[in-house]
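In terms of the UniProt record's numbering, the sequence shown is numbered consecutively and its last residue is 425.
Note that CB positions come from ideal geometry on N, CA and C, so glycine has one too.
See below for the structure under consideration.
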Amino acid sequence: MEQEIKNEMRHWLAEWMTKMDIPTKGDDLLAVGIIAVVALITAFVVYSLFIRVLVRGTRRIIERSNTTWALPIKQHRVLEKLAQIAPLVVLDLFTPMMLNLWPFWEDMVSRLLELTMLVMSIRVLYACMDTVRMVASMRPEGRRLPVQSIVQLIKLFLFIVALILFIGIMLDKSPLYLLSGLGVATGLVMLVFRDTILGFVAGIQLAANRMVSPGDWIEMSKYGADGEVMEVTLTTVKVQNWDKTITMIPAYALTTDAFRNWRGMQESGGRRIKRAVNLDVNSVRFVDEALLAELQRIELLQPYLEQKLAELKQVNLAHQDMAMPVNGRRMTNLGCLRAYLDAYLNANPHLTAEMTMMVRQLAPSELGLPLELYCFSNDTRWEVYEGIQADIFDHLFAILPEFDLRPMQRPSGLDLAALVPAQPE
1 MEQEIKNEMR HWLAEWMTKM DIPTKGDDLL AVGIIAVVAL ITAFVVYSLF IRVLVRGTRR
61 IIERSNTTWA LPIKQHRVLE KLAQIAPLVV LDLFTPMMLN LWPFWEDMVS RLLELTMLVM
121 SIRVLYACMD TVRMVASMRP EGRRLPVQSI VQLIKLFLFI VALILFIGIM LDKSPLYLLS
181 GLGVATGLVM LVFRDTILGF VAGIQLAANR MVSPGDWIEM SKYGADGEVM EVTLTTVKVQ
241 NWDKTITMIP AYALTTDAFR NWRGMQESGG RRIKRAVNLD VNSVRFVDEA LLAELQRIEL
301 LQPYLEQKLA ELKQVNLAHQ DMAMPVNGRR MTNLGCLRAY LDAYLNANPH LTAEMTMMVR
361 QLAPSELGLP LELYCFSNDT RWEVYEGIQA DIFDHLFAIL PEFDLRPMQR PSGLDLAALV
421 PAQPE
């Protein structure tokens, strides 16, 4: 098909040259020189027309349309590289006319021009791929897709195809003939390029399953990675850690080793707060009249106290000796604190009510009784999240004395100094 098109174009070119009284065969050096000059002039004219009409005209149309394609096409010089193929095609058409008396040189020049056109065509396709990648990186939805890996995969495929065609042109063999001999070298290639092949397969798996995308926050302690994914390629994943250092992780490591991806948290819109405060168990007691009077002044706690007092009054009717603390049911300062914190979390505008929210006791230990707050902030940004969490626990520590509760911590220097009797002066 390609040869038929060339023959048709050469036949049309020969007819045009005959009408213009230009030699169509290089029978002598003068004819060769004339054909060479005509070929160079024609190639220059064709190239100039492509630059003026195709390149500049198309660029103006794209720039006027204000599309995101304008800058990438200009930056990667797609149209300019495409225009560079046109003069090579013209020279290839003139070659049989110019060197018909020297078959060897005709064959060599034709192959050289075909190889050059092949390389230039691959450059155009590579520029198109880079343009697509750049356009995708400009759009929010494109940043979440593994465009870099897909582009690299297509480039690799084009390179392999071009390499086979290149060797085929050099040896004057059909590409199918070369493909038949690849099976012999497969074992050697797999042995030598084992790590590269593993990374390549893993890169395809990461791209196909969207296990990791640019912009994801991942943690992988084995490689010291804890930060945002900057780039995902077919062989490596580039991570910028929060301390601004860069970690390069082999792609196959992400398919064989465990890592944490925080994308789900970012997409959900809520970030978990899960922290406990250790309380001194010796400060837990029943609520007496004096403490109850103080607690009833807390607005967030008033609905709970009203409901709880009515419930306890009904339950305790069955008990006669209420002077004994163990008889009946009574409120504790710790229970009131849990109820207050639950109301406080539900009233906090920086927490999301669509996700789990609770205050719970954990198993006591020698460090005290842990009281854990479990909720989700409605802002996943790190600095905002830390501020919300700090405000909640600042408030918690400040209100403990109002419930007659004490936090538990290991003795410090001041605590130990208080145990030493004062020295007489």
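With 9 Å as the threshold, decide whether the Cβ of residue i is near any Cβ in chain D.
| i | result |
| --- | --- |
| I154 | Chain labels in this structure do not include chain D; a single protein chain is all it has. |
Please tell me whether residue i and residue j are closer than 9 Å, where the distance is taken between their beta carbons.
| i | j | result |
| --- | --- | --- |
| A343 | L301 | yes |
| N261 | D216 | yes |
| A36 | F94 | yes |
| M357 | L345 | yes |
| K155 | R123 | no |
| P72 | M134 | yes |
| A136 | L88 | no |
| A83 | I61 | no |
| L351 | I388 | yes |
| E114 | D92 | yes |
| V277 | F397 | yes |
Does DSSP put residue i in a helix, in a strand, or in coil?
| i | result |
| --- | --- |
| P72 | helix |
| S174 | coil |
| W217 | strand |
| F259 | coil |
| S65 | coil |
| T332 | strand |
| P349 | coil |
| V281 | helix |
| I298 | coil |
| Q361 | strand |
| M117 | helix |
If we count the other Cβ atoms within 10 Å of its Cβ and call it buried at 16 or more, is residue i buried or exposed?
| i | result |
| --- | --- |
| Y177 | exposed |
| R271 | buried |
| P309 | It is Leu, not Pro, that sits at residue 309 in the sequence shown. Exposed, by the Cβ-count rule. |
| L405 | buried |
| G264 | exposed |
| M408 | buried |
| L334 | buried |
| I41 | exposed |
| G33 | exposed |
| V53 | exposed |
| V287 | buried |
| L317 | exposed |
Here's a check: name, in chain order, each residue in its chain whose Cβ is nearer than 7 Å to the Cβ of residue i, leaving out the five neighbours to either side.
| i | result |
| --- | --- |
| R360 | E372 and Y374 |
| L305 | L295 and Q296 |
| L165 | L118 and P175 |
| L198 | Y252 |
| W242 | D226 and G227 |
In chain order, what residues of the same chain have a beta carbon less than 8 Å from the beta carbon of residue i, not counting five sequence neighbours either side?
| i | result |
| --- | --- |
| L206 | P146, S149, V212, V232, V237, A251, L254 and T255 |
| I85 | M117, M120, S121 and V124 |
| M1 | Residue placement at M1 is flagged as unreliable, the pLDDT there being 49, under the threshold of 50; the coordinate-derived value follows with that caveat. Here the set comprises nothing. |
| R275 | E372, L373, Q389 and F393 |
Please tell me whether, using a cut-off of 8 Å, the distance from the CB of residue i to the nearest non-hydrogen atom of the ligand PLP is below it.
| i | result |
| --- | --- |
| N333 | Summarising the ligand content, the structure contains no ligands, and the ligand PLP is consequently not present. |
Kindly list the residues whose CB is nearer than 6 Å to the CB of residue i, restricted to its own chain and excluding five residues on each side of it in sequence; keep chain order.
| i | result |
| --- | --- |
| H76 | A127, D130 and T131 |
| D280 | G368, R406 and M408 |
| V239 | A225, G227, V229 and T247 |
| R410 | none |
| M138 | T68 |
Using a Cβ distance threshold of 8 Å, determine whether the region 222-229 contacts the region 247-257, with at least three qualifying pairs required.
Yes, the region 222-229 touches the region 247-257.
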